[in-house]
Amino acid sequence: MGIISSLKIINEIAFNTFKESLKSRFFALFAIFAFIMLYASALGSMLSISHEERVLADISLLLIEIMCLVYALFHVSSALTREIQEKTIYLILSRPVPRHICLAGKELGVMITTAFIALITSIMAICVIKTRGLDVPSFFFAAVAGAFLKTAIITAFAFLFSFVSTSDTTAFVMSGLLYVLGHITSELGPLMEKASGAKYLMLKACSIIFPNLNLYSLRETAEAGFPLSIGALAAALIWIAAAYAISAWLFSKKEF
Amino acid sequence: MSRNSVCFSAAGTAAENDIPAISFHNVEKKYKINRLFGTAELTAFKDLSFDIMKGETAGLLGLNGAGKTTIMKLIAGLIFCNEGKVEIFGKSPLKPEAKSLIGFLPELPYFPPNEKPLNVLKYYGKLSGLKEPYLSARANEALEITGLKPNQEKKIGQFSKGMLQRLGLAQALMHKPKILILDEPVSGLDPIAIRDFRNILSAEAANGTTILLSSHSISEVEKICGRVLIMKNGRLARTVQKEDWEKDGGLEEIFINEVSDKGREK
Numbered sequence: 001m002g003i004i005s006s007l008k009i010i011n012e013i014a015f016n017t018f019k020e021s022l023k024s025r026f027f028a029l030f031a032i033f034a035f036i037m038l039y040a041s042a043l044g045s046m047l048s049i050s051h052e053e054r055v056l057a058d059i060s061l062l063l064i065e066i067m068c069l070v071y072a073l074f075h076v077s078s079a080l081t082r083e084i085q086e087k088t089i090y091l092i093l094s095r096p097v098p099r100h101i102c103l104a105g106k107e108l109g110v111m112i113t114t115a116f117i118a119l120i121t122s123i124m125a126i127c128v129i130k131t132r133g134l135d136v137p138s139f140f141f142a143a144v145a146g147a148f149l150k151t152a153i154i155t156a157f158a159f160l161f162s163f164v165s166t167s168d169t170t171a172f173v174m175s176g177l178l179y180v181l182g183h184i185t186s187e188l189g190p191l192m193e194k195a196s197g198a199k200y201l202m203l204k205a206c207s208i209i210f211p212n213l214n215l216y217s218l219r220e221t222a223e224a225g226f227p228l229s230i231g232a233l234a235a236a237l238i239w240i241a242a243a244y245a246i247s248a249w250l251f252s253k254k255e256f
Numbered sequence: 257m258s259r260n261s262v263c264f265s266a267a268g269t270a271a272e273n274d275i276p277a278i279s280f281h282n283v284e285k286k287y288k289i290n291r292l293f294g295t296a297e298l299t300a301f302k303d304l305s306f307d308i309m310k311g312e313t314a315g316l317l318g319l320n321g322a323g324k325t326t327i328m329k330l331i332a333g334l335i336f337c338n339e340g341k342v343e344i345f346g347k348s349p350l351k352p353e354a355k356s357l358i359g360f361l362p363e364l365p366y367f368p369p370n371e372k373p374l375n376v377l378k379y380y381g382k383l384s385g386l387k388e389p390y391l392s393a394r395a396n397e398a399l400e401i402t403g404l405k406p407n408q409e410k411k412i413g414q415f416s417k418g419m420l421q422r423l424g425l426a427q428a429l430m431h432k433p434k435i436l437i438l439d440e441p442v443s444g445l446d447p448i449a450i451r452d453f454r455n456i457l458s459a460e461a462a463n464g465t466t467i468l469l470s471s472h473s474i475s476e477v478e479k480i481c482g483r484v485l486i487m488k489n490g491r492l493a494r495t496v497q498k499e500d501w502e503k504d505g506g507l508e509e510i511f512i513n514e515v516s517d518k519g520r521e522k
């Protein structure tokens with residue numbers, strides 16, 4: 001299969017995944033939930049006499065990241081089981097669609113959906129901030145982009161976990177744990193300085209394998225004028241590509 | 257109307273006419289089952305060999321767990337055999353060239369309820385490599401063939417079970433496959449829908465399409481198929497030709513004899 005044909009099929013599957021998400025009731029409820037939470041954050045910020053703009057932006061950014069993450073985790077961890085139960089995977093894989101292409105389409109579809117969630121919830125947040133007569137902080141958009149990158153990395157790993165785990169719950173928990181671990185990977189640096197020998201090698205391996213999600217917590221760095229380094233962006237792409245490559249290999253061995 | 261590159265002519269190449277459409281050669285399939293401590297293996301079948309020739313309409317009969325769906329999944333490339341060889345016109349079913357020859361209808365597949373049937377067919381058509389304007393024309397043709405044309409403006413959520421099964425068949429027919437693999441195609445359908453299904457399959461068979469279907473409905477298999485493979489406990493118990501069951505008082509009698517304990521004693 002040529003590159004152009006492969007890209008076309010990836011695009012078809014990704015767009016279909018996105019469309020399915022938009023039409024699912026779960027997604028609609030999710031949007032309502034997001035709006036209610038953002039509205040609640042506006043009420044909460046009224047309790048803060050000073051720095052209202054900052055408090056409101058922080059709460060919004062936290063909610064946007066959680067929304068994207070929860071959607072990705074819930075969707076991906078149950079995707080395989082759901083597709084087997086509904087037999088939709090049969091209709092795709094019985095066609096001349098290579099499995100790695102199918103996986104790329106599915107992953108891209110989830111990433112497009114999370115980008116869409118980030119976009120919609122950001123618009124909601126901006127509306128809430130503007131309604132309060134405040135300015136949108138300069139770091140807001142960079143921080144949303146960082147939250148999306150974190151979700152994209154976790155999405156790629158969540159697919160990988162869904163292939164190795166025996167249940168949806170395990171895949172969900174493993175992906176959630178990786179999200180937590182990803183935020184403490186940067187703490188390995190000081191530990192490595194003190195360690196030596198096997199301990200050092202183990203810590204070093206962990207620092208490479210576990211994605212450092214703090215690189216994408218861009219709220220503070222963007223405020224200081226350093227939104228996202230090329231290195232951090234490259235690292236995100238490498239983690240996504242590595243997780244995808246292992247997932248594609250596991251998917252090629254999977255029976256349905 | 258020009259055919260897409262992934263489709264092949266109904267007549268087939270000379271090489272394709274000489275080799276079986278579907279070939280199982282000493283195939284063994286085992287499943288791994290998770291246990292409390294480790295895993296166990298369950299043999300679905302062993303040393304299974306049979307050929308389905310081009311243009312043949314064959315049926316798979318067997319009790320639950322006999323291995324019918326496993327055979328279909330092996331042909332569709334959804335699972336892999338442990339030993340032996342499965343071939344589609346001499347090619348591995350895992351290869352895209354073989355998959356483009358197959359149209360697969362699993363038992364009760366899901367379709368998105370908010371979509372219209374034409375969009376679903378176009379989606380699967382694109383995955384089969386079809387391109388516009390052939391894609392739209394073929395999707396409409398598939399709706400016509402399966403009798404869904406009058407309902408094309410309805411959303412799939414409003415479809416009855418029979419209409420969903422027709423849509424399942426339509427997606428399998430989208431790329432004009434040379435082989436149709438149908439898992440329980442008439443399960444749960446009313447008599448009129450079953451008759452319509454039979455007519456569609458007869459038309460496909462008349463066009464030279466090879467059909468392999470599994471069913472619990474012996475009377476339907478009897479009406480549609482020219483040959484039947486009876487599976488029992490993971491082995492091919494018997495192959496019966498149409499003339500045999502016409503001569504021996506019907507397929508049901510032969511099937512019951514083969515799969516019952518009485519048959520085992522024989």
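Listed in order, the protein sequences are those of chains H and G.
Mapped onto our numbering, the consecutive letters of the first sequence carry residue numbers 1 to 256.
Mapped onto our numbering, the consecutive letters of the second sequence carry residue numbers 257 to 522.
Glycine included, C-beta positions come from ideal geometry on N, C-alpha and C.
Report task. For the segment 481 to 491 of chain G and the segment 334 to 351 of chain G, state whether three or more C-beta atom pairs, one from each stretch, are separated by less than 8 Å. Result -> Counting Cβ pairs under 8 Å, fewer than three are found: no touch.
**Report entry** Residues that I450(G) bridges to, as DSSP identifies them
**Finding:** Looking at the DSSP output, I450(G) sits in no beta bridge, so it has no partner there.
Query raised in the report: Could one say the Cβ of Y390(G) lies closer than 8 Å to chain H's Cβ atoms, at least one of them?
Result: Closer than 8 Å: no.
Requested in this report: With a floor of 3 residues, list each beta strand (DSSP E) that falls wholly inside the segment 440 to 517 of chain G, ordered by position along the chain.
Outcome: Complete beta strand (DSSP E) runs here, min 3: 466 to 470, 483 to 488, 491 to 497.
Requested in this report: Please decide whether P441(G) counts as near chain A, where near means a Cβ-Cβ distance under 8 Å.
Outcome: The structure shown contains no chain A; its protein chains are H and G.
Query raised in the report: Nearest to A459(G) by CA position, among F511(G), S416(G), T402(G), is which residue?
Result: That would be T402(G), whose Cα lies nearest to the Cα of A459(G).
**Report entry** Beta-carbon proximity list for R394(G), same chain, < 7 Å, skipping 5 on both sides
**Finding:** Answer for R394(G): G381, L386, M430, listed in chain order.
Query raised in the report: Can you tell me where the beta strand (DSSP E) with E409(G) in it begins and where it stops?
Result: Neither: E409(G) is in no beta strand (DSSP E) and is coded neither H nor E.
Query - Touch test, the segment 411 to 431 of chain G against the segment 130 to 141 of chain H, Cβ-Cβ under 8 Å, three pairs minimum - result: At 8 Å Cβ cutoff, the stretches do not touch.
Query - Limits of the unbroken alpha helix (DSSP H) element including S122(H) - result: Annotation for S122(H): the continuous alpha helix (DSSP H) segment containing it runs 99 to 131.
Query - Top-ranked residue by Cα proximity to I59(H), from V128(H), A14(H), T17(H) - result: The option with the nearest alpha carbon to I59(H) is V128(H).
Report task. Run the CB neighbour count on M174(H), radius 10 Å, all protein chains shown included, and call it buried at 16 or more, exposed below. Result -> Around the C-beta of M174(H), 16 or more other C-beta atoms lie within 10 Å, and the residue is accordingly described as buried.
**Report entry** Helix, strand or coil at A330(G) according to DSSP, with G and I counted as helix
**Finding:** Here residue 330(G) turns out to be Leu, not Ala, going by the sequence shown. It is helical.
Report task. Pull up the CB-CB distance for Y436(G) and T465(G), whole angstroms please, since I reckon it's below 8 Å. Result -> Note that residue 436(G) is Leu in the sequence shown, not Tyr. At roughly 6 Å, the Cβ-Cβ gap stays under 8 Å, so L436(G) and T465(G) are in contact.
Requested in this report: Verify the CB distance criterion: does G519(G) have a CB-CB separation below 8 Å to chain H?
Outcome: Residue placement at G519(G) is poorly supported in this model, since its pLDDT is 49, which falls under 50; the coordinates are not used for a value here.
**Report entry** Cβ neighbours of I289(G) in the same chain (closer than 7 Å, five flanking residues each side left out)
**Finding:** These residues qualify, in order along the chain: T295, A296, L298.
Report task. Ignore the nearest five residues each way along the sequence and tell me which others in E371(G)'s own chain have a CB closer than 6 Å to its CB. Result -> Cβ neighbours of E371(G) beyond the five flanking positions: I412.
**Report entry** Distance, A31(H) Cα to T121(H) Cα
**Finding:** Cα-Cα distance, rounded: 8 Å.
Query - Any chain H beta carbon closer than 8 Å to K341(G) - result: Judged by the 8 Å Cβ criterion, K341(G) is not in contact with chain H.
Query raised in the report: Are the beta-carbon atoms of F236(G) and S305(G) separated by less than 8 Å?
Result: In this structure chain G extends from 257 to 522, so residue 236(G) is not present and cannot be described.
Query raised in the report: So which residues of chain H does Q427(G) contact, with C-beta pairs closer than 9 Å?
Result: Within 9 Å Cβ-Cβ: L91.
Requested in this report: Report the rounded CA-to-CA distance for P365(G) versus S471(G), giving the unit in angstroms.
Outcome: The alpha-carbon atoms of P365(G) and S471(G) are separated by roughly 16 Å.
Requested in this report: Check whether the Cβ atoms of L383(G) and V97(H) sit closer than 8 Å, and answer yes or no.
Outcome: Contact flag set, yes.
Query raised in the report: Any idea which residues DSSP pairs E371(G) with across the strands?
Result: Partner(s): none; E371(G) has no beta bridge.
Query raised in the report: Is the CB of F293(G) under 8 Å away from at least one CB in chain H?
Result: It does not: the Cβ of F293(G) has no partner Cβ on chain H nearer than 8 Å.
Query raised in the report: Are the beta-carbon atoms belonging to I151(H) and A205(H) less than 8 Å from one another?
Result: Ile is not the amino acid found at residue 151(H); the sequence shown has Thr there. Taking 8 Å as the Cβ cut-off, T151(H) and A205(H) do not qualify as a contacting pair.
Requested in this report: Pull up the distance between the alpha-carbon of A242(H) and that of A232(H), whole angstroms please.
Outcome: Each residue's alpha carbon lies about 15 Å from the other.
Requested in this report: Please report the residue range of the beta strand (DSSP E) in which A277(G) lies.
Outcome: Unbroken run through A277(G): none, as it is neither H nor E.
Report task. Taking Y379(G) and N16(H) to be in contact with their CB atoms under 8 Å, please state how far apart those CB atoms are, rounded to whole angstroms. Result -> Confirmed, about 6 Å.
Report task. At 8 Å on the CB atoms, spell out the chain H contacts of S384(G), in chain order. Result -> Within 8 Å Cβ-Cβ: R95, P96.
Query raised in the report: From E499(G) to W249(H), what does the alpha carbon distance come to, in whole angstroms?
Result: A direct Cα-to-Cα measurement between E499(G) and W249(H) gives close to 48 Å.
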